[in-house]
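K.L.:
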Amino acid sequence: MNQTANNIKQRLSLRQPLQEALDIVSQLTDELSLKKNCDLSQELDKVKALYPTCTDFERDFPSLAFSIATGVGKTRLMGACIAYLYVEKNVRNFFVLAPNLTIYEKLIRDFGDPGYEKYVFNGISEFVHNRPVIITGDNYNQQGALFAEAEIRINIFNIAKFNSDTRATRNGGTALPPRIKRLSEYLGESYWSYLSNLKDLVILMDEAHRYHAEASMKAINELKPVLGLEMTATPKDDKGNDFRNVVYEYSLARALADGKYVKSPAIAKRKDFDPRGLQEKEIELIKLEDAVSIHEDTKTAIEVYAKNENQKIVKPFILVVCKDINHAHEVFELINSDHFFNGKYKDKVLQIDSSTRDDDKIEQQFVSLESPQNEIEIVIHVNMLKEGWDVSNLYTIVPLRAANAPVLIEQTIGRGLRLPYNGQRTGNDKVDKLTVVAHDHFDS
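Going by the working numbering, the sequence shown opens with residue 2, and the numbers climb by one from there.
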């Protein structure tokens, strides 16, 4: 067992699945050459001999995928991998890809803000006096003069920006090289060339299923890293094909069976409920009223637990998933009216979809849902919430007018599985439970 890996596990208090994943990184990076222009087939044979599930790197460089359930700690694992590769292998250059703006901004803080409670390098003594330099998709062209030989450099890019910056543009009919490929005053060569010439560049892909599309694959291959580490809860590409480079899996089913790292999901239903003869809106009202009853009960249970155990009070909220924007607006008007629980939830409901996302006030309320000062108790949403929306205080989900409720619930459930108290179950059933209200589609 590698001593560096063991030290990092202890310092970062890694959960068991993340410890197992780090051990695999340690084992395989001892086997792999970690060099550019290596013989891919030879490198693949080394991995396949130990992990037969990996049959193809699917890239022009060795790339290993880790399938880990939402809420277990993929970001923490990325931090552990960076710390390990620096301490054990003297790797100083990392490139972290985020699939959207939400995760991009979150990762910048996770990796770059030592004062943040979720800072991933807390406890890594090597990074106290030699703190990693965070280079982002917004400031990469200003960083050159700051580079020093001893630095650990973590580049963080949003894939949408990354793809747009690697496409050529035109100006007055003249083709311009893409921005990330233009000459940099600081480096004397384009940032792209600088990155792709680094002898120790390791790329980490958060929500890796987003980077199996052709444009992303090509751009990533051109970076010529010595190693790729892919993190995802859904190891399938955009065509539904399974990843062929998975070396470790800790599935949602396993996480639920282990009963340690995520909330316990439960389906709420009314006994002998018969929706026949009821209008759709009547069924919706019953579901919403039941959700509020569960929500209030949960809120009380959390307050009692927090008081008895001298813990912070967590403010739970309800997520209502609607069919389309018009439907969402109808539900919003209902909840925000005097007729719904005598107006108790007026101004405590938020509608989030393409029609409201440009409203800065709504966006601010949405991103601060975990704050006890945020008064929102019900969020109405149309499309699936994007990855990276990792709040831990979602306790009740109400799918309305779902064409395929079981599939919808499976997709939505991941958004509410995170545990609010140090990521651990408390032993209190109501504090550890995520409830899905789905009377009209479930008999069991």
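Built from N, CA and C at the ideal position, the CB exists for glycine as well.
Return the residue from the list Lys-434, Ile-9, Gln-20 and Ala-66 that minimises the CA-CA distance to Ile-204.
P.N.:
As a position in the sequence shown, residue 204 is number 203, starting the count at 1. Among Lys-434, Ile-9, Gln-20 and Ala-66, the Cα nearest to that of Ile-204 belongs to Ala-66.
K.L.:
Any idea if Asp-444 is buried or exposed, counting beta-carbon neighbours within 10 angstroms, 16 or more meaning buried?
P.N.:
By 1-based counting over the sequence shown, the position of residue 444 is 443. Here Asp-444 scores only 39 on pLDDT, less than 50, and its place in the model should not be relied on; the value that follows carries that caveat. Flag for Asp-444 reads exposed.
K.L.:
Exposed or buried, what is Asn-94 when buried is set at 16 or more other beta-carbons lying within 10 Å of its beta-carbon?
P.N.:
Counting from 1 along the sequence shown, the entry for residue 94 is found at position 93. Buried is the call here.
K.L.:
If distances are taken between C-alpha atoms only, which option among Val-247, Ala-209 and Ser-126 comes closest to Phe-58?
P.N.:
Counted from its first residue, the sequence shown places residue 58 at position 57. The shortest Cα separation from Phe-58 among Val-247, Ala-209 and Ser-126 belongs to Val-247.
K.L.:
Can you tell which of Pro-317, Asn-311, Asp-40 and Ile-326 has its C-alpha closest to the C-alpha of Glu-297?
P.N.:
On the sequence shown, residue 297 is found 296 positions in, with the first residue counted as 1. The shortest Cα separation from Glu-297 among Pro-317, Asn-311, Asp-40 and Ile-326 belongs to Pro-317.
K.L.:
Which word fits Arg-277, buried or exposed, when buried means at least 16 other C-beta atoms lie within 10 angstroms of its C-beta?
P.N.:
Looking up residue 277 in the sequence shown gives position 276. Exposed.
K.L.:
Is the distance from the Cβ of Thr-471 to the Cβ of Val-322 below 8 Å?
P.N.:
Residue 471 is absent from the model: the chain starts at 2 and stops at 445.
K.L.:
Ordered along the chain, which non-local residues of its own chain (more than five positions away) have a Cβ less than 8 Å from that of Ala-302?
P.N.:
By one-based count along the sequence shown, residue 302 stands at place 301. Only Asn-429, Lys-431 and Val-432 meet the Cβ criterion.
K.L.:
Spatial neighbours of Arg-110 within its chain, please: C-beta separation below 6 Å, excluding the five flanking residues on both sides.
P.N.:
In the sequence shown, residue 110 corresponds to position 109, counting from 1. These residues qualify, in order along the chain: Tyr-117.
K.L.:
Please report the Cβ distance between Asp-207 and Ala-99, rounded to the nearest whole angstrom; I am assuming they are in contact, meaning their Cβ atoms lie under 8 Å.
P.N.:
Counted from its first residue, the sequence shown places residue 207 at position 206. Counted from its first residue, the sequence shown places residue 99 at position 98. Indeed they touch by this definition, with Cβ atoms about 6 Å apart.
K.L.:
Just confirm the distance between the C-beta atoms of Ile-25 and Tyr-249, as a whole number of angstroms; I'd bet it's less than 8 Å.
P.N.:
Residue 25 sits at position 24 when you count from the first residue of the sequence shown. Residue 249 sits at position 248 when you count from the first residue of the sequence shown. Rounded, the Cβ-Cβ distance is 5 Å, consistent with contact.
K.L.:
For His-382, report the span of its beta strand (DSSP E) as first-last.
P.N.:
Taking the sequence shown and counting its residues from 1, the one referred to as residue 382 is at position 381. Element bounds for His-382: 379-382.
K.L.:
Evaluate contact between the region 15-34 and the region 100-108, counting only Cβ atoms and requiring at least three cross-stretch pairs below 8 Å.
P.N.:
As far as the Cβ criterion goes, the region 15-34 does not touch the region 100-108, which means the pair count is below three.
K.L.:
May I have a chain-ordered list of the beta strand (DSSP E) segments no shorter than 3 residues that lie completely inside the region 32-102?
P.N.:
Taking only runs of at least 3 residues, the beta strand (DSSP E) segments lying wholly in the region 32-102 are 64-69 and 94-99.
K.L.:
Locate the alpha helix (DSSP H) running through Thr-299, then write down its first and last residues.
P.N.:
The residue labelled residue 299 in the question sits at position 298 within the sequence shown. Its alpha helix (DSSP H) spans residues 281-310.
K.L.:
What do you get for Val-305, buried or exposed, if any count of 16 or more other CB atoms within 10 angstroms of its CB means buried?
P.N.:
Here residue 305 refers to the residue found at position 304 of the sequence shown. It counts as exposed.
K.L.:
Assign Asn-38 to one of two classes, buried (16 or more other C-beta atoms within 10 Å of its C-beta) or exposed (fewer than that).
P.N.:
Along the sequence shown, one-based indexing puts residue 38 at 37. Asn-38 is exposed by the Cβ-count criterion.
K.L.:
Specify the secondary structure class of Leu-418 as computed by DSSP and reduced to three states.
P.N.:
As a position in the sequence shown, residue 418 is number 417, starting the count at 1. Note: Leu-418 maps to coil in three-state DSSP.
K.L.:
Quick one: residues in its chain with C-beta nearer than 7 Å to the C-beta of Lys-434, no 5 flanking neighbours on either side, listed in chain order?
P.N.:
The count along the sequence shown starts at 1 and reaches residue 434 at position 433. Lys-264, Ser-265 and Ala-267.
K.L.:
May I ask you to verify whether the region 194-202 touches the region 217-233, counting CB pairs closer than 8 Å and requiring at least 3?
P.N.:
Yes: the two stretches touch, three or more of their Cβ pairs being nearer than 8 Å.
K.L.:
List the residues that DSSP assigns as beta-bridge partners of Ser-265.
P.N.:
Mapped onto the sequence shown, residue 265 falls at position 264. Per DSSP, Lys-434.
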